[in-house]
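Before any comments, here is the structure.
Protein chains: 4
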Amino acid sequence: MASNRFGNMFTITTFGESHGEGIGVVIDGCPANLEISRKEIQEELDRRRPGISFFTSPRKEKDRVKVLSGIFEGKTTGAPIALYIKNQDADSTKYDPIKHLYRPGHANYTYLEKYGIFDYRGGGRASARETAARVAAGAIAKKLIYPMDICAEVENLEKILSLLEVLIKEGDSIGAVIRCEVKNVVKGLGDPIYQKLEALLACAMLSIPAAKGIEFGSGFAAAEMRGSEHNDLFGSFGMETNHHGGILGGISSGSPIIFRVPFKPTSSIKQPQRTTNLEGKEEIFCLPEGSRHDPCVALRAPVIVESMTAIVLADALLMNRCSKI
Amino acid sequence: MASNRFGNMFTITTFGESHGEGIGVVIDGCPANLEISRKEIQEELDRRRPGISFFTSPRKEKDRVKVLSGIFEGKTTGAPIALYIKNQDADSTKYDPIKHLYRPGHANYTYLEKYGIFDYRGGGRASARETAARVAAGAIAKKLIYPMDICAEVENLEKILSLLEVLIKEGDSIGAVIRCEVKNVVKGLGDPIYQKLEALLACAMLSIPAAKGIEFGSGFAAAEMRGSEHNDLFGSFGMETNHHGGILGGISSGSPIIFRVPFKPTSSIKQPQRTTNLEGKEEIFCLPEGSRHDPCVALRAPVIVESMTAIVLADALLMNRCSKI
Amino acid sequence: MASNRFGNMFTITTFGESHGEGIGVVIDGCPANLEISRKEIQEELDRRRPGISFFTSPRKEKDRVKVLSGIFEGKTTGAPIALYIKNQDADSTKYDPIKHLYRPGHANYTYLEKYGIFDYRGGGRASARETAARVAAGAIAKKLIYPMDICAEVENLEKILSLLEVLIKEGDSIGAVIRCEVKNVVKGLGDPIYQKLEALLACAMLSIPAAKGIEFGSGFAAAEMRGSEHNDLFGSFGMETNHHGGILGGISSGSPIIFRVPFKPTSSIKQPQRTTNLEGKEEIFCLPEGSRHDPCVALRAPVIVESMTAIVLADALLMNRCSKI
Amino acid sequence: MASNRFGNMFTITTFGESHGEGIGVVIDGCPANLEISRKEIQEELDRRRPGISFFTSPRKEKDRVKVLSGIFEGKTTGAPIALYIKNQDADSTKYDPIKHLYRPGHANYTYLEKYGIFDYRGGGRASARETAARVAAGAIAKKLIYPMDICAEVENLEKILSLLEVLIKEGDSIGAVIRCEVKNVVKGLGDPIYQKLEALLACAMLSIPAAKGIEFGSGFAAAEMRGSEHNDLFGSFGMETNHHGGILGGISSGSPIIFRVPFKPTSSIKQPQRTTNLEGKEEIFCLPEGSRHDPCVALRAPVIVESMTAIVLADALLMNRCSKI
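Heads up: the protein sequence lines correspond to chains A, B, C and D, in order. Each residue of the first sequence is one higher than the last, beginning at 1 in the numbering used here. Each residue of the second sequence is one higher than the last, beginning at 1001 in the numbering used here. Each residue of the third sequence is one higher than the last, beginning at 2001 in the numbering used here. Each residue of the fourth sequence is one higher than the last, beginning at 3001 in the numbering used here.
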């Protein structure tokens, strides 16, 4: 199956591994005549790249995006848009010492079960580096859904920032929750049964590495509320509260879409951890010298959350053109 | 788009409205030679139907499933399996008095925005009645994934049951959380990027009416944990803890899959509620006389959660046959 | 895979076997607010049913279509439309004597290879009876694509009709070519690479039982033409000739779409034929007493060709809504 | 829609324009552990490239394929395989003089209708150059379907070759028929209704630029045959004749698959042709100086036909893993 593809009408297909030649995305289904420049795509990418602050990963990539096709004289042509980011600074020899070990919290165990093979270089396809391709595609989706406006932020950012120095010293990591809000939402997006807007967004968010869940509007708290309290009443100018989170019966109501996504702490930590090797014998796993260490991957997640949200909304917007005669 | 379809390889397409002729499902992609009887499907259906206990909806349907195609001499043939449940006890005239009103917490507002039309009879397509078709399909999926074993239950069931009498008297409702665990999980299910097993399950769960979120394993709590605490270490017999919830890098690890889904309180309550009519003028909304009232829809949700989980796993199981040479 | 489904946006999923309960179709993706009546669907169905003339199959079915969902007060609602035709006059016991034999020209040999099982009753899923479901769906597609106008006809009809009496006497059959022309074609339908309008129509036509090929415009004759002769020149009012058959670069040009489809002679003939049984031993195959015998299945094919064409065009029309900003 | 994608399980998505940066393909769904080298892919590509003989186009590209992802240490990993071919020798300024004209036999007329924009440089996305990406993907598909063996050839090759010198002198072109045969076919490939193997192959072939039709086995001739003559009888070792062309009821029978595809004469000829400009005024169209001229594009088509056939069979082979319990 095309398991590296996302979307129905506005679709993205990503490719590439952490320490291979590069990563990229093919956007298939973007309407013609959308104005978009390489620079706008690059600006989104610059928001997620590692090495951008003192606290995040030291890998100093430039992540320079190249437009391989689909944009001509500043506009989309209706042809597939291929975007490509060459890998740099990717020395994979340092992974040799650990290639026979299961990495705690990592996917090489399950990849081996599934494929019988694992590209161990820096996480291979399982690396969060693949999300750069999503962000590049998201830049185009954002243009398409304008003036819908997506705002994602790390909850309790101050507190997390205050912990980073200690975490780096201890070689440990921490999780965080990203809250996302969409304003100026077009009414009528999403389809009522299996393409409910919540279902599509949930799928999109849970496809981001390290995401552990999602809740919309009142979310888990709704389970303890009464119907008389939870129902959003209709006043003359729409709904007066927003427990529903902007989606009703799977379809956008025009109220802001609100959801929250918890991210687990970074799996790659600098502390030694018990594990087994491929033969099942116990060993101690240590991150190779010079490995990147993000004490909190979630700090780079807002732009990824925004990108996937934009892609879902772009897709729903196009689909919605076919709902009525 | 085929927005009433779910799955890639083992697919379901449902049809039917709450107060129309009936509801049904076409299962396309079930392998040939699976033993299944009408009775097994009926038994699953009997677990969800309203009117089964004192506390739930008084609608006394028999929900008798009919096999229209795809099963011959007790076995699937590889042809599409159509299952059909005729509607009974469906007097739709009682909905006439409210057909010009937006129903608080309901989808007629958003349906009108999307389609410019609404089948107001008992919620039409937006009714939870559609989930009966999923349960019928789920019965077949459960057979296919055997011996994987799905256990869903209402959290805090005792407490909720103790509240029901009061809720019925007050005409109010309450939400609940469903916890789901899958045992004997085949390793290697799910695909690493956009068909991550969490993404597929999240999509499936958020497609259930009234679901407001999902979390896997440590879930929202992971956001406050350290990496050194959250990573599940590999011992000689697999992983020793299960913060990851049975899915790592999007692929099943063989540990039990664990997730929780919050359901909002039933939207249809017996209390008068403020709303507006289709012209935007304020009115009071009252549920028509004789309408069904489920004080807690989530009580009927476990079998639906199990069914959608089984459908996701059946699909992933088939897809997994193509992962290796 | 959803191999019983056709289309991207306007999709049909058919189910049912020749001698089972009945056959049906779920149309998913039809826009809301299209006016359509049960009677209009029935009228299309009446054009294909057997027993309608002296020369065609004696099976006297009524093929009465029932609308199970998706149409409310004479209009589509955006919900899936399920149409169902109950089987009648389907005595399957007569097939018992031949259930251990490979039927010449029939699919039971290949079904057994694929599925390890075969519903032998009257061809089961492989029966042309499945096409009734397509015709029912086609009736709705035709309404959607109005005023595009599809005209299909049997070539050399007079000659074929003059042969029928002899063929019936001899228990033999004959093939025919169906020519299809579409007028008032909307320009811009079809996508340039893998969803070329020719590719979609070719897929649709070769999915009809007994079809053996297709050619567009100049077709096979083009292979012997010069470019200077074949190119359709642009005059001030469009193209002056139509060798291209109405599709250029995969996209409709506005000229009439023209294609031809050859159908093989009916496989079920009344003459004894050599075959082998399931153990590979030679036997003589004779059609059971009272079996239907169509000396020329192609005579009933025009409405099927029209229906599949309408479904392709309806799908392309919806898709085309998303080609531009 | 993902209209630049082909296949269900073994899928290809192509991108790139004739005179842009380059062209490429992402193969999503290839099983892990398939041995494949860059050299094997290059060898297939070398079979289709222009400039390879005296008679074909003078464009002297190297068409050197680069593996961007998905292959590690000589084997597929289960990750998407991206192949890329940089464009060279692509001077697009020469197209300036004709960018305001409809090109006879070309797609710029229909592209403008569809997209409101056209990348006029050398045909843009509509150029046959896109087929290089298919051939690269086909090289991998061929490895996957081994030992199935695909043989495509130009019919009447001698006669066509004898005409080429005259055609070049006259600036004219000619069509041809490609005949394709597949040996050692696995039984049971293809699905009975809309994914019939003929339907998939027809879709694949009609997606090749300049293809005008297809016929299987007896094809158009079947329309004039009797059933008693056309039915392939079963002897003790399978079928004794092959009018069915290797596919029965949509499923491969194990007999060789045989089909023929007519290609129209090359549209780009060196003779002046009447046309209109974008304003509808008549002009004379002349191919720009230095433009490539293939007097018979079909001469390069066999490897393209083989590649698309291999992709269809690879897809069907994977799908078939899910047909039985």
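No residue lacks a Cβ here, since even glycine has one placed at the ideal position from N, Cα and C.
Contact of residue 127 (chain A) with chain D by beta-carbon distance below 7 angstroms is absent, the smallest such distance being about 11 angstroms. Residues of the stretch 6–21 of chain A with a C-beta atom less than 9 angstroms from some C-beta of chain D are 7, 8, 9, 11, 13, 14, 15, 16, 17, 20 and 21, listed in chain order. Taking all protein chains shown into account, residue 3183 (chain D) has fewer than 16 neighbouring C-beta atoms within 10 Å of its C-beta and is therefore exposed.
With contacts defined as CB atoms closer than 8 angstroms, residue 3017 (chain D) and residue 3124 (chain D) qualify as a contacting pair.
CA-CA distance, residue 2021 (chain C) to residue 3130 (chain D), rounds to 48 angstroms.
In this structure, the CA atom of residue 272 (chain A) is about 39 angstroms from the CA atom of residue 258 (chain A).
Chain D has a Cβ within less than 8 angstroms of the Cβ of residue 2203 (chain C).
Nearest CB-CB separation between residue 3088 (chain D) and chain C: not below the 8 angstroms threshold. Put simply, of D:3244, D:3133 and D:3263 the residue whose alpha carbon is nearest the alpha carbon of residue 3065 (chain D) is D:3133. Annotated three-state conformation of residue 2220 (chain C) is helix, per DSSP. Between residue 1088 (chain B) and residue 1062 (chain B), the alpha-carbon positions lie close to 8 angstroms from each other. Per DSSP, reduced to three states, the secondary structure at residue 3044 (chain D) is helical. The C-beta of residue 1151 (chain B) has fewer than 16 other C-beta atoms within 10 Å across all chains shown, which makes the residue exposed. In the three-state reduction of the DSSP assignment, residue 1162 (chain B) falls in the helix class, which pools H, G and I. In the three-state scheme derived from DSSP, where H, G and I count as helix and E and B as strand, residue 1009 (chain B) is classed as coil.
Look at the stretch 126–183 of chain A and you find these whole runs of alpha helix (DSSP H), each 4 residues long or longer: 131–145 and 157–170. Within chain D, no C-beta atom comes less than 8 angstroms from the C-beta of residue 1048 (chain B); the nearest is roughly 27 angstroms away. One finds nothing in chain B with a Cβ atom closer than 7 angstroms to the Cβ of residue 242 (chain A); even the nearest lies about 12 angstroms away. Between residue 1319 (chain B) and residue 1149 (chain B), the beta carbon gap of about 20 angstroms keeps them out of contact (Cβ cut-off 8 angstroms).
Apart from sequence neighbours up to five positions away, the residues of its chain that approach residue 2278 (chain C) with a beta-carbon distance below 7 angstroms are 2100, ordered along the chain. Close to chain B, meaning a Cβ-Cβ distance shorter than 7 angstroms, are the following residues of the stretch 167–179 of chain A: 172, 173, 174, 175, 176 and 177.
Our two residues, residue 156 (chain A) and residue 261 (chain A), have alpha carbons roughly 13 angstroms apart in a direct line. Taken in chain order, the whole beta strand (DSSP E) runs of length 3 or more contained in the stretch 195–264 of chain A are 213–216 and 257–263.
Per the DSSP secondary-structure output, residue 35 (chain A) pairs in a beta bridge with A:75. Proximity of the stretch 1229–1249 of chain B to the stretch 99–118 of chain A meets the contact definition, three or more beta-carbon pairs being nearer than 8 angstroms. In the structure shown, residue 1276 (chain B) falls within a strand segment according to DSSP collapsed to helix, strand and coil.
For residue 2081 (chain C), the secondary structure class from DSSP, reduced to helix, strand or coil, is strand. Only residues of its own chain outside the window of five on either side were considered, and among them 209 and 297 have a CB closer than 7 angstroms to the CB of residue 128 (chain A), listed in chain order. When C-beta atoms of the stretch 2224–2240 of chain C are compared with those of the stretch 2173–2180 of chain C, fewer than three pairs fall below 8 angstroms, so the two segments do not count as touching.
When secondary structure is reduced to three states using DSSP, residue 1029 (chain B) falls in the coil class, being assigned neither helix nor strand. Contact between the stretch 3156–3169 of chain D and the stretch 3134–3146 of chain D is not established, with fewer than three Cβ pairs separated by less than 8 angstroms. For residue 239 (chain A), same chain residues with a beta-carbon under 8 angstroms away, outside a window of 5 residues either side, are 232, 233, 253 and 255 in chain order. Contact with chain D is absent for residue 1292 (chain B), since none of that chain's Cβ atoms lies less than 8 angstroms from the residue's Cβ. Closer than 7 angstroms at the C-beta level to chain A, one finds no residue of the stretch 1023–1044 of chain B. Contact between the stretch 2005–2014 of chain C and the stretch 3033–3052 of chain D is absent: fewer than 3 CB-CB pairs across the two stretches fall below 8 angstroms.
Using a CB distance cut-off of 8 angstroms, residue 2323 (chain C) counts as an interface residue toward chain A.
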